[in-house]
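Residue numbers for the sequence shown, in my numbering: 50 to 368. Comments concern the structure below.
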Amino acid sequence: MIPGSDSGPRPIILDTDPGQDDAIAILAALAAPELEVLGVTAVAGNVPLELTARNARMICELAGRPDVPVFAGCDRPVRRELVTAEHVHGSTGIDGAELPEPTTALQPQHAVDWMAETLSAAGEREITICPVGPMTNVAAVLEANPQAARSIKEIVCMGGGFFGGGNTTPAAEFNVFVDPDAAQTVLRCGAPVTMLPLDATHKALMPRSWIDRVRALGTAAGEAAAGMLDFYERFDIDKYGMSGGPLHDPNVIAYLLRPDLYRGRHCNVEVEAESSLTLGMTVVDWWGVTDRPPNCQYITEVDADGFYDLLLALLARLP
Ligand code: RIB
Ligand code: CA
Numbered sequence: 050m051i052p053g054s055d056s057g058p059r060p061i062i063l064d065t066d067p068g069q070d071d072a073i074a075i076l077a078a079l080a081a082p083e084l085e086v087l088g089v090t091a092v093a094g095n096v097p098l099e100l101t102a103r104n105a106r107m108i109c110e111l112a113g114r115p116d117v118p119v120f121a122g123c124d125r126p127v128r129r130e131l132v133t134a135e136h137v138h139g140s141t142g143i144d145g146a147e148l149p150e151p152t153t154a155l156q157p158q159h160a161v162d163w164m165a166e167t168l169s170a171a172g173e174r175e176i177t178i179c180p181v182g183p184m185t186n187v188a189a190v191l192e193a194n195p196q197a198a199r200s201i202k203e204i205v206c207m208g209g210g211f212f213g214g215g216n217t218t219p220a221a222e223f224n225v226f227v228d229p230d231a232a233q234t235v236l237r238c239g240a241p242v243t244m245l246p247l248d249a250t251h252k253a254l255m256p257r258s259w260i261d262r263v264r265a266l267g268t269a270a271g272e273a274a275a276g277m278l279d280f281y282e283r284f285d286i287d288k289y290g291m292s293g294g295p296l297h298d299p300n301v302i303a304y305l306l307r308p309d310l311y312r313g314r315h316c317n318v319e320v321e322a323e324s325s326l327t328l329g330m331t332v333v334d335w336w337g338v339t340d341r342p343p344n345c346q347y348i349t350e351v352d353a354d355g356f357y358d359l360l361l362a363l364l365a366r367l368p
């Protein structure tokens, strides 16, 4: 049986920096019978690694899945200093949820070593990698083991932004800004890459009524998710004057389950990794005006109603 085909769930590795939106992505992935989460790898990003590794375990336990192995990965970007986002996510990274400290231990193996071993043991194009934070862990695997790309079915990442600019600088989205070198490595690795950028996620803003429906699930997961989202949405509403917060990371999971909800174009995407003015910018050759080969399915459209309906149905499956 080939995992991820019609005969079985799709094996994925979720690489994450929880983060309230990451937390919803983890919950959604664990709720979906179509996916097999082989492991969750934590990376420094929204908050430092110690907290992202703690939060990842707490969210797996919230989903009733303490069996899912959580690995700690890189505590800083490939080359640059770590930039975090407590001003968005709060001091814990998942402010808004009143959750108990994790009871499951971190796996002893470094996330990069585990990911490399898992890929080396996998068949060709078998495993889907889902980075929803800075891509430091994934890049470290690919830099040390370039052949590992052959075992990757697809890298489906949340990151980047072009037509609508950035959210961290005028030019750069947070995940790519924090580690532009890592994002460039991922884009150049040779495995199929699909990018869910701000150009998509900013078109699916969380309706207030949707958060109320999440809370009305009457479950522990629903209550915690609604609490996190109440806290999380304020930043983007205040900053952008949006009608709701963009729920970035769960778009990766929704894309895996319902790619028909999304539209984009296969084109060349490069990352600015040097300029202080545009560091972390994803330069999208949407019109093919260069001779740079297409290397990314760059998503720009999303069926927002379909996305939130899917997400609510997934959250409703949790305890
Ligand atoms: O720019 C949004 C991304 O940065 C999301 O993944 C969010 O969790 C933060 O990591
Ligand atoms: Ca994230």
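Ideal Cβ positions, reconstructed from N, Cα and C, are used throughout, including at glycine.
- The criterion of a C-beta distance shorter than 8 Å is not satisfied by Asp352 and Val181.
- In the same chain as Pro368, and ignoring 5 residues on each side of it, the C-beta atoms closer than 7 Å to its own belong to Gly113, Thr268, Ala269, Ala270, in chain order.
- Annotation: Tyr347 to Val187 spans about 19 Å, alpha carbon to alpha carbon.
- Its chain contains Gln69, Ala72, Ile73, Ile143, Asp144, Gly145, Ala146 as the residues whose beta carbon lies nearer than 8 Å to that of Met277, once the 5 sequence neighbours on both sides are disregarded; these appear in chain order.
- Between the stretch 292-308 and the stretch 251-266 there are three or more C-beta pairs closer than 8 Å, enough to call the two in contact.
- Here Pro82 is exposed, its C-beta having fewer than 16 other C-beta atoms within 10 Å.
- The DSSP-derived three-state label of Val242 is strand.
- Residue environment analysis places Gly57 among the exposed positions, since fewer than 16 neighbouring C-beta atoms fall within 10 angstroms of its C-beta.
- Per the DSSP secondary-structure output, Asn317 pairs in a beta bridge with Asp334.
- Residue range 247-250 is occupied by the alpha helix (DSSP H) that includes Ala249.
- Inter-residue distance for Arg366 and Gly337 is about 43 Å (C-alpha atoms, whole angstroms).
- Taking 8 Å as the cut-off, the beta carbon of Leu306 is found no closer than this to the beta carbon of Cys238.
- Setting aside the 5 residues that flank it on each side, Glu350 is surrounded in the same chain by Ala249, Lys252, Tyr311, Arg312, Gly313, each with a C-beta closer than 8 Å to its C-beta; the list follows chain order.
- Not one heavy atom of ligand 1 is found less than 7 Å from the C-beta of His251.
- Assigned with DSSP and collapsed to three states, Thr167 falls in helix.
- Look at Asn216: its beta carbon is at least 7 Å from all of the heavy atoms in ligand 2.
- Minimum Cα-Cα distance from Asp354 among the listed residues Thr331, Leu296, Pro342, Asp334 corresponds to Leu296.
- Between Met184 and the set Ala171, Ile204, Arg106, Pro195, the nearest pair of CA atoms involves Ile204.
- With fewer than 16 other Cβ atoms inside 10 Å of its own Cβ, Asp309 counts as exposed.
- Close CB contacts of Val332 within its chain, under the 8 Å cut and outside five residues either way in sequence, are with Phe211, Val318, Glu319, Val320, Glu321 (chain order).
- As far as DSSP is concerned, Asp230 takes part in no beta bridge.
- Collapsing the DSSP output to three states places Ile108 in a helix.
- Per DSSP, Ile178 lies in no alpha helix (DSSP H); the unbroken beta strand (DSSP E) holding it starts and ends at 176-180.
- Counted as a single uninterrupted DSSP element, the alpha helix (DSSP H) harbouring Thr185 occupies residues 185-193.
- Here Ile61 is near Ala78, since their CB atoms are less than 8 Å apart.
- In its chain, beyond the 5 residues on either side, Val227, Asp228, Pro229, Asp230 have a beta carbon closer than 8 Å to the beta carbon of Arg129.
- Classified as buried, His138 has 16 or more neighbouring CB atoms from the shown chains inside 10 Å of its CB.
- Straight across, the Cα-Cα distance linking Leu245 with Leu100 is about 25 Å.
- DSSP, reduced to helix, strand and coil, places Val86 within a strand of the structure shown.
- If you draw a straight line from the Cα of Thr339 to the Cα of Thr90, it is about 36 Å long.
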